Amino acid sequence: PPGSGFQSLLERQGEIRDEELGRLCSRVCALLGREDWGPDALDALRRLFLIVSATKHGRRLEQPCVELLQAALCSPTCPEQLQLLCAAVLREVSPSRSLSLTCDRVQNTQQLGLVASVLLAQGDRRQVGSVGQCALRVLESRQPEGPGLRHLLPVVSKVTNLAPDALHEEQTNTLNRRLGDWLRHASVQQGIAHSSGGFFSTPRARQVRLGTRHLPGPGPLSPLPALTRALVPEPPPSHPYSGFGAGSQPPSLCCSVVVEALDMLARVTCLTGCERSSGACVPAAAVQGLSSEGVGGQGRGSCAMSPVLGPFWPRTQGPAALRVLPCLPQPGPVTEVDGAVATDFFTVLSTGQHFTEDQWLNVQAFSMLRAWLLHGGPGGSSTPDADDRSELEGSTLSVLSAASTASHLLPPQERLREKAFEYCQRLIEQSNRRALRKADSELQKACLVEAVLVLDVLCRQDPSFLYRTLSCLRALHARLCGDPTCVRALLPVAQFFLHHGEAAAVDAEAVYQHLCTRIPAEHFHSPLLALEFVQFCRASLPLFGRHLGVLRSSFPNLFKFLAWSSPPLTAEFVALLPSLVDAGTAVEMLDLLLDLPCLTAALDLQLRSSQAASEKPLWDVSVRAAGCLEAFRDPQYQALFQHLLRAKASGTTERLVPLHQLLQPLAGCARVAQCAEAVPILLQAFFAAVTQFADGTLTSQLALLLLERSDTLYEVPGYQARVHKVLSSQFLALCTRRPSLVVEQAKELLEFVGSLGGPHGGGHMLTSVVWAIGEYLSVSWDRRCTVEQINKFFEALEALLFEVTQSRPSAALPACPPQVITVLMTTLTKLASRSQDLIPRVSLFLSKMRTLAQSPAAGSAHGEEDARAVLTRATELLNLLKMPSVAQFVLTPSAEVSEPRYHRDTNTALPLALSTVSRLVERDAGLLPG
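Be aware that the sequence shown starts at 1, since it is given in UniProt numbering, and climbs by one per residue.
Encoded structure:
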C-alpha cells in the first residue's frame, strides 16, 4: 500500500542502536568542526534528523555534537539549509540540559526565529518570556519591512500561547497596530522575481514569469525584434497572456524583463552617445517614455505597444540623446482566484506570480489572528463590560455608531478588530468566486472556515459586530447548504449560530437538523470531516441547551462516522458517548454498538452501489462483493438495510441475523476488522455512562438485550470473544446493581441456559450468567424466589454440566473451559444448600466429576493443571455438603456476613470458616453424620 515503504524506513531508523548513532554524531562533529559545510554535512545532518525524529523515546546526543550544532546555528556564514537542519535536530532532542543558546546576541532575524524555536521547545517558562521579549523588541523597532519579520511572527504566536502574560500592555498595543496594518494595507502589486528559475514554475502563478536568455554565440548585432524575441520568449498558446500582438494592451507585465532586455542589448553593443548608469546602457530612442509609473507613461497595467517589438517595447520615440532609466516600473497587480484583477485590498486568497514581503506578512498575520484575538480577550479600554452587553446587543444606535467610527481613532485593540472584520468579510466575498485551480479551491474552503471562526470570536468579544455579520452569514449558510463541496464550512457557521442564535433570532434547530441529518449520511467517508464534526459536537455540548435532543436522536448518523473511521474517532466518541446516551435511546444505542462492524460493511456496500466508476474507490478493492451488492439491491432485504443505515433513532431494535449472513464476505475487510476492535472500548464507555442514571426498568432492559445479543453477533474473526468479555462483566455489574433481575427474568435466563448447547466466545457470558444465578437466586436477595424456581434452574444447569463434560471436543464444539465447569459445580452446590432435597443429587454428580477429573481422558482434553483445578473444586464442595448448615452459611451468606469486616477480621473471615470445615472433615470424617 502507498506509504508502507516510508513507514518501514521510519521504523528502521527508529530502531538504530546507540552505537551507530554515536558514530554518526562523530561524523557530524568532524564535518561541522572544520566548517566543511558542503553536501556531506548536509546529508549527515539529514540522516541525524531522521533518526532522532523517528525514535519514540528521547535520544541523547553527545555534548560536543550539541555544542557544534549550536555553533553552526548561530554562525553568520552557515548556509540556510544547514541552519534549518541544526535547529530541527536540537528541537527533537529537547528538553536538554546541554543547550546554551540565547537570543540576546543573535543579529539575523532568520537565525533569531530558529534559535527561538529551539528555546521554546525546551519548555522553560522563563526562557519563553525572554524569547518573547527579544522577538518583540525587533518587531517594535523601526527597521525596514524585510524577510526577518516573517520569521518572528510564528515565534510571537507561540509565546502568547505558552505564556499569555509574557507581553506587556504597550507591546500588545504595538503588535495590534502592526497586525492591523499588515492585514489591511499590504501591497496590491505583485513582487519581483528574485531568480529566473523557469517560466511557469510557481504553484499559484497567475502572471507570466519571464526570464532572460543569452543569444547563442558571437556575431553581429541582431535586429531588435529578434533580440527581444530571444530575450523574452512568446508564452504558450494556453497561457492567459498569449496572443497579445502589436498594439494590444495586455495586463501589466513584469517590467524587469524589459530592463533585462535593454541591459542585454547594451552589453551586446554600445551605440554612439550612450550613457551607462547602474549597469544599463540604454538607447534614449528606445526608452523614451519609460517612467516610474509604467511603460510609456501610461501607468501600471496599460502601456502603448510598438508594432515593431510587439508587447515588449514602447512605441514613443524621443531625441537622439541617451538618458538613464529613472527607476523600475511596478509589476502587475495581484489577481483573484478566478483570474480577475483584484480591485480591493490584498488577502491570503489573492494570487500572483510572486509575493512581496508585506504580502507574506499579511498571510502570516491572518494565520495567527484568531489566536491573537483570543489572547487579547474581551477586555480593553473601549470594550463594553459584561453587564452592558445585553443592552448593547439590542441597540441599533450602537451598531450605527460602531460602523461609522473612523478606524484610525480607535484604540489599537479595537482598530485591529475592525481590520479583522473587514478582512473576513472580504474573504467571504472571495470564497464565492470560481477558482481556476483545485489547490485554490481548497484554499478558499480553508480560509472560509477560518474567517467564520474569526467573526465568531469578534462577535463574542464585541457584540456590535453581530448585526453587521448576520446578513452575511445567513446568505453564506444558504449558499453552503446547496454546495456539497463546502460542507466543512457549515461547522463554524453552525457554531456561530450556537453562540449567537438567540440574539440573532435564527432558527437554530433547523441548522442543527440539517447538520446532523445530511452531513453524516452523505459524507461519512471523509475522515477529516468526521474528525472535525465529532470535535465540533464535543466542543459545542454546553451550547446545545434545549437542542441537545437533536444531537441525541441523530446518534445512528453519527455512528456512521465512527463505523467508517473508527481508529482516529474512538477516543473522541468515548468522550462524547456520555452526552449522547439517555434513558430513551440507551437500549437502541447498545444494539447499534453491537452491530457497528455490520454497519461498516453496509456502508461499504452503499458506496460500491452509488459511486461512479470514474471516481477513486473508497472501499477495499481486494474484496469482491458481487453477491452482497445484489442482496443490497434486493427488495427482500431493503427494510433491514434501511434500519441499519437509518439517520435518526427509531425507538426500536431489529434482529439483523439475515444481514450478518449476507455480509459475511465483507467480514475480512480491514476497515471492518478495525471497527470490531473498537467496539469493546466503546461498550465500556457506554455502560460507564448508563449506570450513572439507569433505573430498575432500564437495567432490566439492558440485561435482557445482553442475553439476546450474546449469540447474534456479526462473525468477524476474534470479535465474538472480545465482546463477550465485556458483556459478561457488564451483566454481572447490572445484576449487582439490581439483584432481583435473576428472579424477574427467570424465564429468559432458563431459555438462555437451555439453548446454548455449550459455551460460546470462550464461555465468558455463560460463566457470568451461571454465577449470577448461584449468587442471587435466593430468598435473602428477593422474597419472590421460590423452591420451584430453584429446582428448575438446578435441572437446567445439571443438564448443561452433563452435556459439556460428556461430549467430545470437536471443531464445532471445542472443549469446555475449566472455569465454566467449576462455576457450574459451585452454582449447583449453592442451589442444593438452599433446597436441601437436592443435596444427594449434587453429591452424586460431584463424585462423578471427581472420578472424571482423575481419568486420563480429562487430562488430555483439558490439561493436567485444569483437571487438577476441577478435582480440587469438586472435593471442596463435597466436603461442604457433608455439613449442610455450614454449606448454607458459606455458600449463601446473609447480608450481615457479606459485609467487609467478615473478610478483613481473621476471627470471622469466611476463609477461616472454610479451612475449619476442611480440617474437621479430613481428620474425623467418621464422626460426621451421613
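Built from N, CA and C at the ideal position, the CB exists for glycine as well. In this text the structure is predicted, and so the values were computed from the model without any measurement.
Kindly indicate which three-state DSSP category residue 331 falls into: helix, strand or coil?
For the purposes of this step, residue 331 is identified with residue 331 of the sequence shown, where counting begins at 1. Coil, per DSSP.
Going by DSSP in three states, residue 189 sits in which element: helix, strand or coil?
Translated into the one-based positions of the sequence shown, residue 189 becomes position 189. Taken through DSSP and simplified to helix, strand or coil, residue 189 comes out as strand.
Which class does residue 786 belong to by DSSP, given the choice of helix, strand or coil?
Along the sequence shown, one-based indexing puts residue 786 at 786. Coil, per DSSP.
Just to confirm my understanding: we take residue 61, look at its own chain, exclude 5 residues before and 5 after, and list those with CB closer than 7 Å. What are they?
For the purposes of this step, residue 61 is taken as the residue at position 61 of the sequence shown. Correct list, in chain order: 25 and 93.
Take every Cβ of the segment 636 to 651, pair it with every Cβ of the segment 689 to 707, and state whether three or more of those distances are shorter than 8 Å.
Verdict: no, contact absent.
Could you check which residue in 739, 575 and 72 has the C-alpha nearest to that of residue 42?
Looking up residue 42 in the sequence shown gives position 42. Residue 72 is the option with its Cα nearest to residue 42.
Opening and closing residue of the alpha helix (DSSP H) in which residue 512 lies
Counted from its first residue, the sequence shown places residue 512 at position 512. Note, residue 512: alpha helix (DSSP H), 508 to 523.
Would you tell me roughly how many angstroms separate the C-alpha atoms of residue 83 and residue 63, rounded to the nearest one?
Taking the sequence shown and counting its residues from 1, one reaches residue 83 at position 83. Taking the sequence shown and counting its residues from 1, one reaches residue 63 at position 63. Whole-angstrom Cα-Cα distance: 18 Å.
Proximity of residue 174 and residue 152 at Cβ, strictly below 9 Å
The residue labelled residue 174 in the question sits at position 174 within the sequence shown. The residue labelled residue 152 in the question sits at position 152 within the sequence shown. In this structure, the beta-carbon distance from residue 174 to residue 152 does not fall below 9 Å.
Pull up the distance between the alpha-carbon of residue 494 and that of residue 515, whole angstroms please.
On the sequence shown, residue 494 is found 494 positions in, with the first residue counted as 1. On the sequence shown, residue 515 is found 515 positions in, with the first residue counted as 1. The straight-line gap separating the alpha-carbon atoms of residue 494 and residue 515 is approximately 8 Å.
Where residue 875 sits in the DSSP three-state scheme:
Against the sequence shown, residue 875 aligns to sequence position 875. It is helical.
To the nearest angstrom, report how far apart residue 88 and residue 54 are at their CA atoms.
Numbered from its first residue, the sequence shown carries residue 88 at position 88. Numbered from its first residue, the sequence shown carries residue 54 at position 54. Roughly 13 Å between the two C-alpha positions.
Let me know the secondary structure DSSP gives residue 672 once reduced to three states.
On the sequence shown, residue 672 is found 672 positions in, with the first residue counted as 1. DSSP places residue 672 in the helix class (H, G or I) of the three-state scheme.
State yes or no: is the C-beta of residue 349 within less than 9 Å of the C-beta of residue 491?
Locating residue 349 in the sequence shown gives position 349, counting from the first residue. Locating residue 491 in the sequence shown gives position 491, counting from the first residue. Against a cut-off of 9 Å, the Cβ pair of residue 491 and residue 349 comes out as no contact.
With which residues is residue 769 paired in a DSSP beta bridge?
Within the sequence shown, residue 769 is the residue found at index 769, counting from 1. Beta bridge pairing from DSSP links residue 769 with no other residue.
What residue does the alpha helix (DSSP H) around residue 732 start on, and which one ends it?
What you label residue 732 is simply residue 732 of the sequence shown in a count that begins at 1. Run containing residue 732: 719 to 737, per the alpha helix (DSSP H) assignment.
Closest residue to residue 579 among 637, 545 and 600 (Cα-Cα distance)
On the sequence shown, residue 579 is found 579 positions in, with the first residue counted as 1. Comparing Cα positions, the closest option is 545.
For residue 753 versus residue 782, is the C-beta spacing smaller than 9 Å?
The count along the sequence shown starts at 1 and reaches residue 753 at position 753. The count along the sequence shown starts at 1 and reaches residue 782 at position 782. In this structure, residue 782 does not lie closer than 9 Å to residue 753 by Cβ.
C-alpha distance - residue 854 paired with residue 765, whole-angstrom precision
As a position in the sequence shown, residue 854 is number 854, starting the count at 1. As a position in the sequence shown, residue 765 is number 765, starting the count at 1. CA-CA distance, residue 854 to residue 765, rounds to 28 Å.
To the nearest angstrom, report how far apart residue 300 and residue 422 are at their CA atoms.
Against the sequence shown, residue 300 aligns to sequence position 300. Against the sequence shown, residue 422 aligns to sequence position 422. Its pLDDT being 32, under 50, residue 300 is placed unreliably in this model, and the value from its coordinates should be taken loosely. If you draw a straight line from the Cα of residue 300 to the Cα of residue 422, it is about 27 Å long.
Per DSSP, the bridge partner or partners of residue 341
Position 341 of the sequence shown holds residue 341. According to DSSP, residue 341 bridges with 335.
Assuming contact is defined by CB atoms lying nearer than 9 Å, are residue 429 and residue 370 in contact in what I supplied?
Here residue 429 refers to the residue found at position 429 when the sequence shown is read from its first residue. Here residue 370 refers to the residue found at position 370 when the sequence shown is read from its first residue. Taking 9 Å as the cut-off, the Cβ atoms of residue 429 and residue 370 do not count as close.
Count the other C-beta atoms from every protein chain shown that fall within 10 angstroms of the C-beta of residue 695, then say buried if there are 16 or more, exposed otherwise.
On the sequence shown, residue 695 is found 695 positions in, with the first residue counted as 1. Exposed, because fewer than 16 other Cβ atoms sit within 10 Å of the Cβ of residue 695.
For residue 351, write down the residues that DSSP places opposite it in a beta bridge.
Counting from 1 along the sequence shown, the entry for residue 351 is found at position 351. For residue 351, which the question treats as bridged, DSSP gives the partners 335.
Give the single residue among 364, 557 and 720 whose Cα lies nearest to the Cα of residue 643.
As a first step, residue 643 must be located in the sequence shown, where it is residue number 643. It is 557 whose Cα lies nearest to the Cα of residue 643.
Would you mind working out which of 738, 150 and 796 sits nearest residue 750, comparing C-alpha positions?
Counting from 1 along the sequence shown, the entry for residue 750 is found at position 750. Measuring from the Cα of residue 750, the nearest candidate turns out to be 796.
Could you give the C-beta distance for residue 551 and residue 562, rounded to a whole number, given that I count them as a contact under 8 Å?
Within the sequence shown, the letter at position 551 stands for residue 551. Within the sequence shown, the letter at position 562 stands for residue 562. Contact doesn't hold; Cβ gap of about 14 Å is too wide.
How about residue 341 and residue 331: are their beta carbons less than 9 Å apart?
As a first step, residue 341 must be located in the sequence shown, where it is residue number 341. As a first step, residue 331 must be located in the sequence shown, where it is residue number 331. It is not a contact, given that the beta carbons lie outside the stated cut-off.
Is there contact here, the segment 573 to 590 with the segment 602 to 610, by at least three beta-carbon pairs under 8 Å?
Flag = no, the segment 573 to 590 and the segment 602 to 610 do not touch.
Ordered along the chain, which non-local residues of its own chain (more than five positions away) have a Cβ less than 6 Å from that of residue 806?
In the sequence shown, residue 806 corresponds to position 806, counting from 1. Result list for residue 806: empty, nothing under 6 Å.
Just how far apart, CA to CA, sit residue 588 and residue 375?
Within the sequence shown, the letter at position 588 stands for residue 588. Within the sequence shown, the letter at position 375 stands for residue 375. Linking residue 588 to residue 375 through their CA atoms gives a straight-line distance of about 44 Å.
Alpha carbon to alpha carbon, what distance is there between residue 190 and residue 352?
As a position in the sequence shown, residue 352 is number 352, starting the count at 1. As a position in the sequence shown, residue 190 is number 190, starting the count at 1. Residue 352 and residue 190 have their alpha carbons spaced roughly 6 Å apart.
Span of the alpha helix (DSSP H) holding residue 423?
For the purposes of this step, residue 423 is identified with residue 423 of the sequence shown, where counting begins at 1. 412 to 430 is the extent of the alpha helix (DSSP H) around residue 423.
Less than 9 Å separating the beta-carbons of residue 29 and residue 74?
The residue given as residue 29 occupies position 29 in the sequence shown. The residue given as residue 74 occupies position 74 in the sequence shown. Taking 9 Å as the cut-off, the Cβ atoms of residue 29 and residue 74 do not count as close.
First and last residue of the alpha helix (DSSP H) that includes residue 642?
Residue mapping note: residue 642 aligns to position 642 of the sequence shown, counting from 1. First-last of the alpha helix (DSSP H) with residue 642: 638 to 644.
Closest to residue 777 by C-alpha separation, out of 819, 827 and 801, would be which residue?
Translated into positions along the sequence shown, residue 777 becomes position 777. Distance from the Cα of residue 777 is smallest, within the candidate group 819, 827 and 801, for 827.
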